[in-house]
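Residue numbers (mature numbering (1 follows the signal peptide of the UniProt record, and there is no 0)): -20 to -1, 1 to 221.
Note that beta-carbon positions come from the ideal geometry of N, C-alpha and C, so glycine has one too.
Note that the coordinates shown come from a computational prediction; the quantities given were computed from them, not determined experimentally.
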Amino acid sequence: MWLSAVIVAVIANVLSSVSATIAIGELPSLSLLLFPSHQTKKEFGCYDHMISDEWRQAVLDFHNRNRRMIAEGKQESKPGKMMPVAKDMNELYWDCNIEYNAFLRNCNGNIALPKGYGEVSASIKLANEHCNVTEKAFAALEQLWNEVTKKDLSADPNYDEAEQKNFGIMAFHDTTGFACTYSKCSDKLLCLYNKKPANNGDPLYDKGATGDECLSCQLTCVENLCTQDPYVPGEVVLFDY
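Spelled out as structure tokens, the structure:
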């Protein structure tokens, strides 16, 4: 009974603080008044609460920033050799279902990779609970992305599974959804992508000239990347038995 009285008192106090001059349609929801939101730049709503939305946003921004460089013809491969402008490079979306699949696979390598998906991974040491996991993730992602420098892609930006597999999966133009995760159970950063080049030697994207960046997606183009409106999340296809 005393708890009910406390709740009633709190509600009454909150409501009394709302100005009587505010129209009914302008009243904030009671849940927001009682429990203020602590939203980040984007609230992802993923299952793993051990990973912060700030971390997710940073990894997402890393991918789209680099994909935009390719789209605009500003990505260097071999020193002095710039990759050509990409037609219709897709913006990536963080997919919580893919993150869950990655979480399961990261701790159990026997779990199958979803059909048609791409995967990249790198070792990161998480033994120290005070380590900066964002810095460690960025260092690992930079190492994977920098495979681009192993081969001259200025004429033919094709998928090379032997030398540039990780870069090729991260840069593939047709991919729309992805997610990364990390875990002490594997000391590994693992990212899954909902598409990858089908065959070794396939083009990573269609080459174009300046102005062709969003040739087929002009109505949904944002900063030279094609957006998905709306993005349709992948299915949770992995199960932890």
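In the DSSP annotation of this structure, the continuous segment of the beta strand (DSSP E) that includes T161 starts and ends at G157 to S163. Burial state of D68 is buried, judged by a 10 Å Cβ sphere holding 16 or more other Cβ atoms. Excluding five sequence positions before and after G98, the CB atoms of its chain that fall closer than 6 Å to its own CB belong to I149, Y173 and K176, given in chain order.
In the structure shown, M30 adopts coil according to DSSP, grouped into three states.
The beta carbon of C206 lies closer than 8 Å to those of D68, M69, N70, E71, C194, S196, C197 and T200 in the same chain, with the five residues before and after it left out.
In its chain, beyond the 5 residues on either side, M49 and M63 have a beta carbon closer than 6 Å to the beta carbon of Q55. E203 carries a coil assignment under DSSP once its states are collapsed to helix, strand and coil. Non-local beta-carbon contacts of S163 in its own chain, meaning distances under 6 Å to residues more than five positions away in sequence, involve N86 and C87 in chain order.
Check the Cα spacing between A189 and each of I104, F158 and A135: the tightest is with A135. Annotation: A117 to N126 spans about 14 Å, alpha carbon to alpha carbon.
As a beta-bridge residue in DSSP terms, S101 pairs with L170.
Contiguous alpha helix (DSSP H) elements confined to the segment 32 to 98 occur at 33 to 51 and 76 to 87, taking only those with 4 or more residues. DSSP, read as helix, strand or coil, puts N126 in helix.
With fewer than 16 other Cβ atoms inside 10 Å of its own Cβ, G191 counts as exposed. In the structure shown, K131 adopts coil according to DSSP, grouped into three states.
Put simply, the backbone Cα of A119 is about 10 Å away from that of V113. From the listed residues S57, Y73, E23 and K145, the smallest Cα separation to D41 is found for Y73.
The C-beta distance from A151 to L184 rounds to 5 Å, short enough to meet the 8 Å contact threshold.
By the Cβ-count criterion, Q144 is buried, with 16 or more other Cβ atoms from all chains shown falling within 10 Å of its own Cβ. Looking at the DSSP output, K187 shares a beta bridge with A66. As a beta-bridge residue in DSSP terms, N138 pairs with P183.
If you compare the alpha carbons of E203, K61, Y80 and L133 with that of G181, the shortest gap goes to L133. Taking the C-beta atoms as reference points, A82 is found nearer than 9 Å to L170.
Restricting attention to F147, H29, K58 and G96, the CA atom closest to the CA of H43 is found in F147. Inter-residue distance for T129 and S103 is about 20 Å (C-alpha atoms, whole angstroms).
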